[in-house]
Structures are given as structure tokens and as C-alpha cells.
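Structure first, commentary second.
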Amino acid sequence: MSFLQLDHVSKHFGGLTVVDGVSLSADKGEFVVFVGPSGCGKSTLLRMIAGLEEISAGDVSIDGRVVTGVAPADRNVSMVFQSYALYPHMSVRENIAFGLKMAKTPKDQIETRIADAARILQIETLLDRKPRQLSGGQRQRVAIGRAIVRNPKLFLFDEPLSNLDAELRTQMRVEIAKLHRELGATMVYVTHDQIEAMTLADRIVVLRAGRVEQIGTPTELYDTPSSIFVAGFIGSPKMNFLAATITGQDSNGLRVGHPAFAGGEIHVRPTTNRPAPVGSAVTVGLRPEHLTLGGADPLLTLTVDFAENLGGATQLYATGPGGAAVVLMVPGRPPVTPGEVLAASLGAGQIHLFDGSGAAL
Amino acid sequence: MRHVGPGRVVHACGLLLVVVVALFPFYWMVASSLKQQTDLLASPPVWLFTPTLANYADIFADSHVMVAVLNSLLVASCTTALAVLIGTPAAYALARFEFRGKADLWFWFISNRFISPIVLALPVYLLARQVGLLNTRLVLILIDLTFNLPIVIWICTDQFRSIPPDIEQSARLEGADQFNIFWRIYLPLGLPGVAVSAIFAFIFSWNELLYSLVLITSQALKTAPVVATNFMSGYELPWGKIMATGTVIVLPVTIFALIVSRHMVRGLTMGATK
Ligand SMILES: Nc1ncnc2c1ncn2[C@@H]1O[C@H](COP(=O)(O)OP(=O)(O)OP(=O)(O)O)[C@@H](O)[C@H]1O
Ligand SMILES: [Mg+2]
Chain A
142 MSFLQLDHVS KHFGGLTVVD GVSLSADKGE FVVFVGPSGC GKSTLLRMIA
192 GLEEISAGDV SIDGRVVTGV APADRNVSMV FQSYALYPHM SVRENIAFGL
242 KMAKTPKDQI ETRIADAARI LQIETLLDRK PRQLSGGQRQ RVAIGRAIVR
292 NPKLFLFDEP LSNLDAELRT QMRVEIAKLH RELGATMVYV THDQIEAMTL
342 ADRIVVLRAG RVEQIGTPTE LYDTPSSIFV AGFIGSPKMN FLAATITGQD
392 SNGLRVGHPA FAGGEIHVRP TTNRPAPVGS AVTVGLRPEH LTLGGADPLL
442 TLTVDFAENL GGATQLYATG PGGAAVVLMV PGRPPVTPGE VLAASLGAGQ
492 IHLFDGSGAA L
Chain B
43 MRHVGPGRVV HACGLLLVVV VALFPFYWMV ASSLKQQTDL LASPPVWLFT
93 PTLANYADIF ADSHVMVAVL NSLLVASCTT ALAVLIGTPA AYALARFEFR
143 GKADLWFWFI SNRFISPIVL ALPVYLLARQ VGLLNTRLVL ILIDLTFNLP
193 IVIWICTDQF RSIPPDIEQS ARLEGADQFN IFWRIYLPLG LPGVAVSAIF
243 AFIFSWNELL YSLVLITSQA LKTAPVVATN FMSGYELPWG KIMATGTVIV
293 LPVTIFALIV SRHMVRGLTM GATK
């Protein structure tokens, strides 16, 4: 049995269903990330695991024990809040010691555990300060320190880095990854930053309007998104979508037509067995970083609108006939000028195809 | 040198005027308490006089005044302590829990203050007589509590609401029970509000005259404001003693308020800015 298990968990606020029958499981030591747009129920789901939010239906179990009706304190989980939720009137030391004191841990043990946590998080010199005397990153460390001293079975993070600036964010991201490796603890992490999701997660749970859209490793989600929603959510810049039509089927796969395609149509091999009748509307998905300029067998014919020089790479914004708007991420600084017509081909990855309902074909 | 515009001057003059108007009665009281009877009755009033402590010596020699001040101190302290002790947990419950009748309870607390105290004077007197509480300090404490509890609950509820719920949830997750959350999180973080409401409770109770007058007849139990009015009986008005008593009555409250005023200002403006 898995370490953390959610079994058809739902949450209703009055008549509003915020989390709708979510089932998932995580193994011991796994790093699970919840991603999804704002308001999709990520925090609510996390708080239900913590016990801070009542579960309307379904069950949560941690380490083989059903904890649905168990008080938060008895679930042996730690949570790092987006707001840090440090106790403003207590010193850093008292903040970290609070949970241990509540658990009536012996004094000498509290001291050693604080010292250990402070060393791991490099906040030894800050122990006697008050939270308001700390920077955002330091507060974040204290919040994490408060979580780790209790040796919980499960760590819950609710967008812990969203209040930090970009540089600190990257740094803390790396530190959280390191912490996970060192502690070997099971962690559930909420974010809507997909770089955090991709880099930290063993497995990502994509949520949409209270339901699980797809669960998989970062690579799986990137390579084989099960829907347009996941395809558009994972990856940056966002995947390009073209509204196309199925024009036929042969031994090379489905023939898909769109005016922007070089030659009017392309071949795509479907990855599923879903029906794709000729004439039905489909969406073609192309990752910006998979497209290259030129090539012997071009895929698209496009007109350059403008180019953004990112230093090591260039982001090209182009349009094509039939309302195609395509972004290309190409290495280096190709000499293109706005208005120039160019050919683009698929350098790596694959062409994604989604049917009218948004499901992958 | 910093430029001082005419606007600032007008502003300063206005402030000065307000301060003078506010403080003049106070000054007059203190000054009069230091005058001899002849200076007091002089017309036009004298501004320069030889101060005397005779009035103070008189009232302190009069054991009634001392006893009354002690009575007031006792009643006001007990009222304040009880109001805070009972009011803050109630405020916590109102601020953070949903329960049936919460809105009604809230309204009831507030509506307590709608009623003019004099309206209730007779019923309260009859009630107190019935249960044998006339001429006790307890009845004063109870009646002051009735009027003070809503203020404490009102101010503290507002204060507790401004504490981010995340902090409480974090504490709950870390194993703090209800009492510890209240004691270690809400009380210390809500301290400005608690201090403000304590000051209000103390001042109200200290100055309360009507019920002390109605419910207490025994000289040994009278409170300071009542004793101050006692001087006004008879044919002669001993202004010096009245003023000296007034000063003695006002002094404790003023000192108390000054000590906690730092909290008070912070408390009253808290939540106004974010
Ligand atoms: N106490 C509540 N009462 C009613 N609705 C609520 C309550 N708490 C949350 N919701 C609703 O539940 C939905 C999900 O909220 P939740 O906080 O879980 O979103 P989220 O995915 O964490 O979003 P974000 O990324 O913005 O933090 C939102 O539409 C929100 O309005
Ligand atoms: Mg959230």
C-alpha cells in the first residue's frame, strides 16, 4: 500500500464543489507536486491532507492509517504556508521550538533539534531575531525549519516560494530539492510555477477545476500530455496550437490538413486508439523548442512578426495562413527580419494531436 | 533652516488652541486644589497665589476620601480583570468560530450599550435588594461588568479577526490545543486591543457614579466619585477640598492611561492601514 493515499476525495463549500473525487497515491519518499491554474483547488486539497479542511467525501490515509477523521496535530504532518505563518511575537528559536514544546519534547532534545535544523538551513545566526527582522528568504527558511524539526511523516508545501523574487526562488528551489534528498521524506508541494513543478517533482498531479487532469512524471507530462489542457500547462513557452482537420488516413498515420502546413497537410501517428473520423476538427500541438528553422522537409510556412533576443536563444513570433500563430524557440541569433517568410521543421520531439474534446489522439 | 510655511503656523496654532481648551479645566482643578479659600473666592480670579497643600491634608485626614479611593480602586481593578478574563475568550470565539446564534449574540452584546443606564437604575436596585447585594462591592463589580463586557468583546473581537488565520492553523497543525492557541497566539498578538479595552473598562468603572450612588448607602463602601459629590451638600461649598478630591480621583486613571497609551494608539489604528 502506498504511503499517502487519496481515495475519491471531494470538498464542497455549500453548493460549490471545489475538489471533485480526487484519487491519487504517493510512495514513501516521493516528491509529488500539485499544479493547476488559480482556484482549481490545489490548496484545498493540500489542506484536506493536513486536516485543516474537513473532507466532504472520500478518505485520506497516511502510512497505512485512514486519517480522515483524525485531528491535524495527530496526523504527523508539517505544512509550510504561502504566507509562512510564522508567529510574529516569537523569536526564530521559539518559532521553531513551538511544535516540539506542544509535544512536550524534553528541553535538551529541543535544543539539539533546533541546532540541527538551523545548521541545515543556515539560520544559526538568526535564532534570536523576530520574524519581522528577517528577509523573505530567511523567513522562508524559518518556516521550513519549523516544519523539519518535528520529523513529520509527510511535508506539505503550499506555494512556499511565491513571495520571493526570481533569484531567491531559484536558490530556494534548489535547496528544497536538496532537503528532500537529505531527509528522504515524502513531500507534497503546491505550485503554479511549472518550472518548480518540472524540476522538483518525482510525479506531477495536474489539477483542473477540482479534478485530476493527469498524473505522471515530469517527462511523461511533457512528452505525452493526455489533453490540450496539460499540453498547454506544462512547458514554457506554451505549446503552439493549430486548429486543423483530419483529411484522411493511410499507412503513415492520420493526414491532418491546415493551410499553414507546407504542402497543405502532414502525417501524424496517433498515440491512442481514440476514433478520429475523416473531416473531424482536431488541434495540432507543436512545442516552440522543438521547431527549427529551415530543414529539408519543412513542416510549416510562416511569416515572422518579430523576434525576441534572449541572449543564448531567440524567441520568434510568426503567423501563417489560416490564423496560425506560432512561437519558435531557436538557439543562437538567426538573422531574421520581420515580414520575412521562412520554413520551419520539426527538429525534435513529436507532433501532438488532440480531438475535439481536447483529449490526446 | 527648515522653511515654515503659513499653513504650518495656522495648523500649530489650531492644535495649541485645542490643547489649551482641553487642558484648561484640568489646570483649573489642580490649581484650585492648591489655593486657599480666600484666593479661591477672589473675583476676578487670581492667577498668582501661594500654593498650599492644606486642602490635600484635609481630605487625607478625612478617612472617607482615602477609603473611597481604595474602594474605587478595588472595584475598578476587579471589573477590569474580570472583563478581560471573560471577554477575551468570548471575543476569540466570536472572531473565529461559526455557531448557531452568533449574530444574535453579537447584537445582544452591542445592544447592551444602547440602553441609558438611568433607565435600568430602578430595576437593578430592586433586583439587588431582592438578592441581598445592596451595599456590597460585588454588586458594583457586577453592574460595571455588564456595561464593560460588550466593550471588551467588541474591541477584542475586531482585534482577533485581524490575526491571519494561517497562524492559528499552523499552531493547530503543530499540536497546540484550543487553550494554547488562545493563550500563546491570540492573547499576545491581540495585546493592543486587550490593552485598549482594559483601559476603557477601568476608566468606565472608575468614573461610574449613578449606580454607586443608587446601590451603596454605607459610608465605608462608597466610591471616590460619590464621595466627591458629598462635599456639595451643606451650605458652604469647600471648593478647595472638592478640587483636591477631583485631582486625587483623576490622577490614577491618567497615570494608568499614560502608561498604556502606547498600546492604545497602536490598538486603535491597527487594521486602519495594511
Ligand atoms: N472557505 C471557502 N468557502 C468557499 N469557497 C472557498 C473557500 N475556500 C476556497 N474556496 C474556493 O475554492 C476554490 C479553490 O480554492 P483553492 O484555494 O484551493 O485554490 P488554489 O488552487 O489553491 O488557487 P491558488 O493557486 O490561487 O492558490 C476557489 O474557487 C475558492 O474560491
Ligand atoms: Mg492556493
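Chains A and B, in that order, give the protein sequences.
Residue numbers for the first sequence, in our numbering: 142 to 502.
Residue numbers for the second sequence, in our numbering: 43 to 316.
Even glycine gets a Cβ: it sits at the ideal position worked out from N, Cα and C.
This structure is a prediction, so every number in the text was calculated from the model and none was measured.
Interface criterion met: the Cβ of Pro213/A is under 7 Å from a Cβ in chain B. Residue contact check for Gly240/A against chain B: a CB pair falls below 7 Å. Per DSSP, the continuous beta strand (DSSP E) segment holding Met220/A begins and ends at Val218 to Val221. Among the residues of chain A, those whose CB is under 7 Å from the CB of Asp208/B are Phe222, Ser224 and Ala226, following chain order.
Using beta-carbon distances, His230/A counts as an interface residue toward chain B, with a partner under 7 Å. When secondary structure is reduced to three states using DSSP, Lys245/A falls in the coil class, being assigned neither helix nor strand. Secondary structure note for Asp186/B: its alpha helix (DSSP H) is the uninterrupted segment Arg179 to Arg203. Taking the Cα positions, Ala489/A is about 5 Å away from His431/A. For Leu193/A, the closest Cβ of chain B is nearer than 7 Å. The closest heavy atom of ligand 1 lies less than 6 Å from the beta carbon of Val159/A. Scanning the segment 307-388 of chain A from its first residue to its last, the whole alpha helix (DSSP H) runs of 4-plus residues come out as 307-324, 335-341, 359-364 and 369-374. DSSP places Ala163/B inside the alpha helix (DSSP H), whose first and last residues are Pro159 to Gln172. Residue-level contact check: Met313/A does not touch chain B, since none of the beta carbons of chain B fall below 7 Å from its beta carbon. A residue is called buried once 16 or more other Cβ atoms fall within 10 Å of its Cβ, and Arg282/A is buried on that count. Across the set Thr413/A, Ser421/A, Ala385/A and Pro418/A, the C-alpha of Ala385/A shows the shortest separation from the C-alpha of Ile407/A.
In the assembly as shown, Leu257/B is a buried residue. Its beta-carbon has 16 or more other beta-carbons within 10 Å. In the three-state scheme derived from DSSP, where H, G and I count as helix and E and B as strand, Glu430/A is classed as helix. Three or more Cβ pairs drawn from the segment 222-233 of chain A and the segment 257-272 of chain A lie within less than 8 Å of each other, which places the two stretches in contact. Near ligand 2, meaning a Cβ closer than 7 Å to any of its heavy atoms, lie the following residues in chain order: Lys183/A, Ser184/A, Gln223/A, Asp299/A, Glu300/A and Val331/A. A distance criterion of 6 Å places the beta-carbon of Ser179/A in contact range of ligand 1, judged by its closest non-hydrogen atom. A Cβ-Cβ contact shorter than 7 Å links Met71/B with Gly288/B.
At the C-beta level, Ile193/B and Leu231/B stay beyond 7 Å of one another. If you draw a straight line from the Cα of Thr80/B to the Cα of Val268/B, it is about 26 Å long. Proximity of Glu216/B to chain A, defined by a Cβ-Cβ separation below 7 Å, is satisfied. Remark: the shortest separation between the CB of Phe154/A and any heavy atom of ligand 1 falls under 6 Å. The Cβ atoms of Ser164/A and Ser197/A do not sit closer than 7 Å to each other. Shown here, Thr94/B sits in coil according to DSSP, grouped into three states, outside any helix or strand. Within the model, the alpha-carbon separation for Ile185/B versus Val238/B is close to 20 Å. Rounded to the nearest angstrom, the Cβ distance from Leu182/B to Ser119/B is 12 Å, too far for a contact under 8 Å.
Taking a beta-carbon distance threshold of 7 Å, Ala288/A does not count as an interface residue toward chain B. For a Cβ distance threshold of 9 Å, residue set Arg188, Ala191, Leu193, Pro213, Met220, Phe222 and Ala226 of chain A lies close to Gln211/B, ordered along the chain. Taken from the Cβ of His321/A, every heavy atom of ligand 1 lies 6 Å or farther away. In this chain, the alpha helix (DSSP H) harbouring Gly235/B covers Leu233 to Asn249. Going by C-alpha positions, Leu136/B is about 29 Å away from Leu241/A.
For Val211/A, the closest of Leu215/B, Val295/B and Ile284/B by C-alpha to C-alpha distance is Leu215/B. Contact between the segment 191-205 of chain A and the segment 188-202 of chain B is absent: fewer than 3 CB-CB pairs across the two stretches fall below 8 Å.
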